[in-house]
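These protein sequences, in sequence, are chains A and B. All letters in the first sequence, in the order written, are residues 9 to 169 by my numbering. All letters in the second sequence, in the order written, are residues 9 to 169 by my numbering.
There are 2 protein chains.
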Amino acid sequence: MNIGALAKRTGLTNSRIRFYERAGLLQTVDRRANGYRTYPPEAVLVLELITTAQQAGFSLDEIRKLLPPGLDRWDHATLIEALRRKVADIEALETRLKRSKAQLVALLADIEAKPDDIDCATNARRVLSHVLGDKIGSEEMLIGDGGLLAKTTRRRTVRAG
Amino acid sequence: MNIGALAKRTGLTNSRIRFYERAGLLQTVDRRANGYRTYPPEAVLVLELITTAQQAGFSLDEIRKLLPPGLDRWDHATLIEALRRKVADIEALETRLKRSKAQLVALLADIEAKPDDIDCATNARRVLSHVLGDKIGSEEMLIGDGGLLAKTTRRRTVRAG
DNA sequence: CGTAACCTTTGAGTTAAGTTTAAGGTCAAG
DNA sequence: CTTGACCTTAAACTTAACTCAAAGGTTACG
Numbered sequence: 009m010n011i012g013a014l015a016k017r018t019g020l021t022n023s024r025i026r027f028y029e030r031a032g033l034l035q036t037v038d039r040r041a042n043g044y045r046t047y048p049p050e051a052v053l054v055l056e057l058i059t060t061a062q063q064a065g066f067s068l069d070e071i072r073k074l075l076p077p078g079l080d081r082w083d084h085a086t087l088i089e090a091l092r093r094k095v096a097d098i099e100a101l102e103t104r105l106k107r108s109k110a111q112l113v114a115l116l117a118d119i120e121a122k123p124d125d126i127d128c129a130t131n132a133r134r135v136l137s138h139v140l141g142d143k144i145g146s147e148e149m150l151i152g153d154g155g156l157l158a159k160t161t162r163r164r165t166v167r168a169g
Numbered sequence: 009m010n011i012g013a014l015a016k017r018t019g020l021t022n023s024r025i026r027f028y029e030r031a032g033l034l035q036t037v038d039r040r041a042n043g044y045r046t047y048p049p050e051a052v053l054v055l056e057l058i059t060t061a062q063q064a065g066f067s068l069d070e071i072r073k074l075l076p077p078g079l080d081r082w083d084h085a086t087l088i089e090a091l092r093r094k095v096a097d098i099e100a101l102e103t104r105l106k107r108s109k110a111q112l113v114a115l116l117a118d119i120e121a122k123p124d125d126i127d128c129a130t131n132a133r134r135v136l137s138h139v140l141g142d143k144i145g146s147e148e149m150l151i152g153d154g155g156l157l158a159k160t161t162r163r164r165t166v167r168a169g
């Protein structure tokens, strides 16, 4: 199978497949006499594994460390470890999301609860003091990155290579 | 207030504050005769608003569009719209997270359910077919970025400016 | 033989949110 | 009058996961 065919099979771009090879993720590749890459059918599986793992939140770096052997011969213990860690990561993120959402919802309620007899500026100050109040009040709030991810704007320029 | 003092008050770095100004997020700044920036006390509030919004998942771009007027005089309707959208974003992400987590947990169970009388390679094939099976089986699976975020590896190089 | 559709490589560009560096002014204290 | 802490700018660097462009070789078809 040539790279173009593999790309069509997997829905990935040629450049992305080459990139994965360069990144050490796709080793099931050979060269024909003319220099063309040629792939065995399992390459489709490997690429699908990679994208599936990505969707589950694994970075390419993590995937590389888990994928290396020959599709069989996996490091059982390491793999399970990684999966468990990733589940824990997801749970942590879920917690953060829940908190952020609650804050936003509270903020919405607060803004809309404007008594209607006070002016906008006064309402703004009132809301503002609620939003920042809790934070400013506590001498030292718990540190931690926070920062949910603003991935609403994903690039994902879809265009075949 | 000089930039250093503001940085200390907010816990941000000098460079980050300058960056926010360059990005059009922090307009409450003046210059002394010597070129030094000087800030009014409200600058602390503005910066705290910015980081709070960031933690709620807003990108700097989104924040810029919501922040512009003079701390009061907010665009009520636009703001509420944005907040609602962000809540919806969070909910969508929560859904995706739930699905991914379920998949991972299922995968874990699958791996550990190895009958112990079959060899590792066979088990690997068995598990692999489960992981990819659903996907391969369906002619055309629902499209959509997926890609949870692998932000386990956050850079956040902590070093004062 | 031409040309279109493949394939190759290298190297640079993209995005977000900053940080780092280099080179240099300013200011307060001793 | 020098030292150290502070401030200034512009420009380059960082990370992840790719994409895009340029310049060129290969192959199948008519």
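Beta carbons are placed, not taken as given, at the ideal position from N, Cα and C, and that holds for glycine.
Give me the Cα-Cα distance between LEU14 of chain A and ILE58 of chain A, rounded to the nearest whole angstrom. 14 Å
Beta-carbon gap between LEU34 of chain B and VAL52 of chain B smaller than 7 Å: no
In whole angstroms, give me the CA-to-CA distance for GLU50 of chain B and ARG26 of chain B. 16 Å
Range covered by the alpha helix (DSSP H) that runs through SER23 of chain B: 22-30
Against chain B, does ARG24 of chain A count as a neighbour if the rule is that its beta carbon must be under 7 Å from one of theirs? no
Starting from GLN35 of chain B, find everything on chain A with Cβ-Cβ shorter than 9 Å and list it in chain order. Ordered by position in chain A, no residue passes the 9 Å Cβ test against GLN35 of chain B, which lies about 17 Å from the chain.
Residue interval of the alpha helix (DSSP H) (run including GLY85 of chain B): Correcting the residue identity first, residue 85 of chain B is Ala in this sequence and not Gly. Its alpha helix (DSSP H) spans residues 84-120.
Give me the chain A residues within the contact set of LYS189 of chain B, using Cβ-Cβ distance strictly less than 7 Å, ordered along the chain. As shown, chain B starts at 9 and ends at 169. That puts residue 189 of chain B outside it, with no answer to give.
For ARG93 of chain A and THR36 of chain A, I'd like the C-alpha separation in whole angstroms. 28 Å
Identify every residue that forms a DSSP beta bridge with ARG39 of chain A. A:ARG45
Chain B contact residues for ILE126 of chain A, given Cβ-Cβ distances below 8 Å: Those do not exist, as ILE126 of chain A stays about 12 Å from chain B at its closest Cβ, beyond 8 Å.
According to the Cβ coordinates, are LEU74 of chain B and LEU91 of chain B closer than 7 Å? no
Looking at chain B, is there any beta carbon in it that lies within less than 7 Å of the beta carbon of LEU20 of chain A? no
Three-state class that DSSP yields for ALA64 of chain B in the structure shown: coil
Member of B:GLY43, B:ARG39, B:ASP38 and B:TYR47 whose CA lies at the smallest distance from the CA of THR18 of chain B: B:TYR47
Does the beta-carbon of ILE119 of chain B have 16 or more other beta-carbons within 10 angstroms, so that it is buried, or is it exposed? buried
With a threshold of 8 Å on Cβ separation, who are the neighbours of ASN10 of chain B within its own chain once the five nearest residues in sequence on each side are excluded? TYR44, ARG45, THR46 and TYR47
What does the alpha-carbon distance come out to for the pair ILE71 of chain A and ALA61 of chain A? 7 Å
I want to verify the contact list: residues of chain B whose CB lies under 9 Å from the CB of ALA15 of chain A, in sequence order. None at all; the shortest Cβ gap to chain B is about 16 Å.
Which residue comes first and which comes last in the alpha helix (DSSP H) that contains GLY12 of chain B? 11-18
Quick one: is ALA64 of chain B near chain A, going by C-beta distance under 7 Å? yes
For chain B, is any of its Cβ atoms less than 7 Å away from the one on GLU102 of chain A? yes
Member of B:HIS84, B:ALA114, B:LEU20 and B:ASP69 whose CA lies at the smallest distance from the CA of ALA117 of chain A: B:HIS84
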